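Working notes, structure below.
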Amino acid sequence: MRAYDIIYKKREGQNLNKDELEFLINGYVEGDIPDYQMSAWAMAVYFQGMDAEETANLTMLMAESGDMIDLSPIEGIKVDKHSTGGVGDTTTLVLAPLVASAGIPVAKMSGRGLGHTGGTIDKLESIPSFNTSLARDKFFDNVNQHGIAVVGQTGNLTPADKKLYALRDVTATVESIPLIASSIMSKKLAGGADAIVLDVKVGNGAFMKNFDSAKKLAEAMVAIGKEVGRDTRAYITDMNQPLGNAVGNALEVKEAIKTLKGEGPEDLTELCIELGAGMLQLAGKITDIEEGKKILRENLQNGKALDKFSEMISAQGGNAKVIEDLSLLPIAESTFEVKAEKDGYISEIKALDVGLSAMILGAGRENKESVIDLAAGLEIKKKFAAPVNKGDTLAVLHYNECDNIEEAKEKLLRAFTITEEKKDKNQLIYEIIK
Ligand code: URA
Ligand code: CA
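The opening position of the sequence shown corresponds to residue 15 in the working numbering, with each subsequent residue numbered one higher.
This is the structure we're talking about:
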């Protein structure tokens, strides 16, 4: 077999069989196939696409290129959840204890963030002494004992995807549906999930800017799940404004605690209830989705979800007193209120600019070496469609030392559009693909 012939075949729009993909992926990981041939292939895929079987084969090959985590020491059906990424997405922090409180095992491996805010692991590390790097056995024990553990990724997971994603990033081949779908799903499969709930974000703050491309991505990932025998469901959800009010690590932990007390922002709460009910259904806990939502709503009100979060924090060495006393979380030295310059209604919040503003304040990583300021970030005070008067606070910035504070203020102010007419609110969940 020759890489040349495989590239040629794809360039001409033919499907590649499993052996050909295996030759390519394994050869690439081992260094036998150079970047220039792999990028030519990726560009051919970008233009010619891949069918469902090819995409599933590529996904499995990438998943199997490194460690495959075996979650069988944990009893029950393990449902994982993945978000394609948005701004201020506090979902996992709420969802993990919430679904665990309803009795399904949560064995979550999360990443650190390269983006506007940290990933779930960075956020959790704003809880004093919380340990995100449990040994594998301890991780399993915690899930079996407490029904929940959230840890950082360890080991050699999907090296083929790591290498290929980095290559796509510099060769203008990221935006290919089959390549994105296989990249995301390979990581979920290597993580050992039996079933997968996907939150595919669409909007100005998301990877997918329009509904059609988000739907195609959702369908491609659900199709991979079918091909490889893992029940997969995708929710296409709105990311035309940040989710909830907080953007930033400790600020999002605070928001998660409020939400687990049943006092959280409406959009974040609703999304967690919807995704959570889907997870309960895939785990076989309930058949009727409405019943699942009812259980989860109750657990936000009766304290069970919050207790589960507290139990998880203690089990991972953290100080669970944060739940009663939010001042134990990192707090920034300075705050600044960004104010409306005129009367009207909020007709747009450019989520991406909100995210960038948070990153300038220190909440996110601009590159792998950046150090996150866990206390930094911002709180949105006026969301989409809210009425405002000139001088009302639109958002509060939280920061310590910040060289570019003026830029952060300006970016945030310009992220809001205020118009005389009130626009209708966006739907939160556009479609569910099963
Ligand atoms: N996220 C991923 O993990 N992979 C992609 O290819 C794109 C987004
Ligand atoms: Ca949030």
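All C-beta atoms, glycine included, are put in the ideal place defined by N, C-alpha and C. Note that the coordinates shown come from a computational prediction; the quantities given were computed from them, not determined experimentally.
Consult DSSP for residue i and reduce its assignment to one of helix, strand or coil.
i, result
"residue 412", "strand"
"residue 8", "This structure does not reach residue 8, given that the chain is present from 15 up to 448, and the question cannot be answered."
"residue 46", "coil"
"residue 173", "helix"
"residue 260", "strand"
"residue 292", "helix"
"residue 111", "helix"
"residue 267", "helix"
"residue 26", "coil"
"residue 394", "strand"
"residue 135", "helix"
"residue 402", "strand"
"residue 103", "coil"
"residue 146", "coil"
"residue 281", "helix"
"residue 156", "helix"
"residue 117", "coil"
"residue 53", "helix"
"residue 185", "coil"
"residue 274", "helix"
"residue 380", "coil"
"residue 297", "coil"
"residue 71", "helix"
"residue 386", "coil"
"residue 128", "coil"
"residue 178", "helix"
"residue 19", "helix"
"residue 88", "coil"
"residue 63", "coil"
"residue 141", "coil"
Which same chain residues end up closer than 7 Å to residue i when comparing Cβ atoms and leaving out the 5 residues on each side of it in sequence?
i, result
"residue 335", "342"
"residue 267", "107, 137, 140, 141 and 343"
"residue 262", "131, 372, 377, 390, 391, 392 and 412"
"residue 60", "187 and 190"
"residue 195", "69, 231, 234, 235 and 238"
"residue 440", "252, 254 and 398"
"residue 346", "389, 390, 412, 413 and 414"
"residue 200", "73, 76, 77, 172 and 175"
"residue 404", "354, 355, 356 and 357"
Grab me the residues of residue i's own chain with a C-beta within less than 8 Å of its C-beta, minus the 5 sequence neighbours each way, in chain order.
i, result
"residue 328", "334"
"residue 147", "165, 166 and 168"
"residue 350", "410, 411, 413, 419 and 423"
"residue 321", "115"
"residue 58", "21, 24 and 25"
"residue 406", "353, 354, 395 and 396"
"residue 337", "271, 320, 323, 324 and 327"
"residue 81", "169, 170, 171 and 204"
Residues in its own chain within less than 6 Å of residue i by CB, not counting five upstream and five downstream?
i, result
"residue 103", "97 and 257"
"residue 221", "98 and 99"
"residue 264", "140, 343, 344, 388 and 389"
"residue 348", "413"
"residue 17", "47 and 51"
"residue 156", "163 and 329"
In the DSSP output, what is residue i paired with across the bridge?
i, result
"residue 164", "122"
"residue 407", "353"
"residue 36", "BP columns for residue 36 are empty, so no partner."
"residue 192", "Residue 192 pairs with nothing; no bridge assigned."
"residue 78", "According to DSSP, which records beta bridges pairwise, residue 78 is partnered with nothing at all."
"residue 445", "250"
Could you tell me if the beta carbon of residue i falls within a distance shorter than 7 Å of some heavy atom in ligand 3?
i, result
"residue 79", "No copy of ligand 3 occurs in the structure displayed; its ligands are ligand 1 and ligand 2 alone."
Got a sec: is the Cβ-Cβ distance from residue i to anything in chain D below 8 Å?
i, result
"residue 92", "Protein chain content of the structure displayed is limited to a single chain, and chain D is not contained in it."
If contact is defined by three or more beta carbon pairs under 8 Å, each pair taking one atom from either stretch, is the stretch 373 to 393 in contact with the stretch 406 to 421?
Short answer: they touch.
Could you tell me which whole alpha helix (DSSP H) segments of length 4 or greater appear in the stretch 300 to 375?
The DSSP assignment places 303 to 315, 318 to 329 and 365 to 375 as complete runs of the alpha helix (DSSP H) inside the stretch 300 to 375, in order along the chain (cut-off: 4 residues).
Is the stretch 280 to 297 close to the stretch 127 to 138, with three or more CB pairs under 8 Å?
No, because fewer than three Cβ pairs between the stretch 280 to 297 and the stretch 127 to 138 fall closer than 8 Å, the two stretches do not touch.
Which runs of the alpha helix (DSSP H) fall wholly inside the stretch 198 to 251 and span at least 4 residues, in chain order?
Counting whole runs of 4 or more residues, the stretch 198 to 251 contains the alpha helix (DSSP H) stretches 225 to 242.
Does the stretch 268 to 281 come close enough to the stretch 220 to 238 that 3 or more CB-CB pairs lie under 8 Å?
No contact exists between the stretch 220 to 238 and the stretch 268 to 281.
Completely contained alpha helix (DSSP H) runs for the stretch 414 to 438, where each covers 4 or more residues:
Fully contained in the stretch 414 to 438 are the following alpha helix (DSSP H) runs of length 4 or more, in chain order: 419 to 429.
Whether or not the stretch 310 to 325 and the stretch 160 to 170 are in contact is what I'm after, with contact meaning three or more pairs of Cβ atoms, one per stretch, closer than 8 Å; do they touch?
Touching, yes, given that three or more Cβ pairs across the two stretches are closer than 8 Å.
Touch test, the stretch 66 to 84 against the stretch 22 to 38, Cβ-Cβ under 8 Å, three pairs minimum
Touching, yes.
With three or more C-beta pairs closer than 8 Å as the rule, is the stretch 84 to 91 touching the stretch 353 to 363?
Contact fails: fewer than three Cβ-Cβ distances are below 8 Å.
Check whether the stretch 237 to 248 touches the stretch 363 to 377, counting contact only when three or more Cβ pairs, one atom from each stretch, lie closer than 8 Å.
The way I'd put it, the stretch 237 to 248 doesn't touch the stretch 363 to 377; fewer than three beta-carbon pairs between them come closer than 8 Å.
Given 8 Å, three or more beta-carbon pairs between the stretch 175 to 194 and the stretch 356 to 369
Touching, no, given that fewer than three Cβ pairs across the two stretches are closer than 8 Å.
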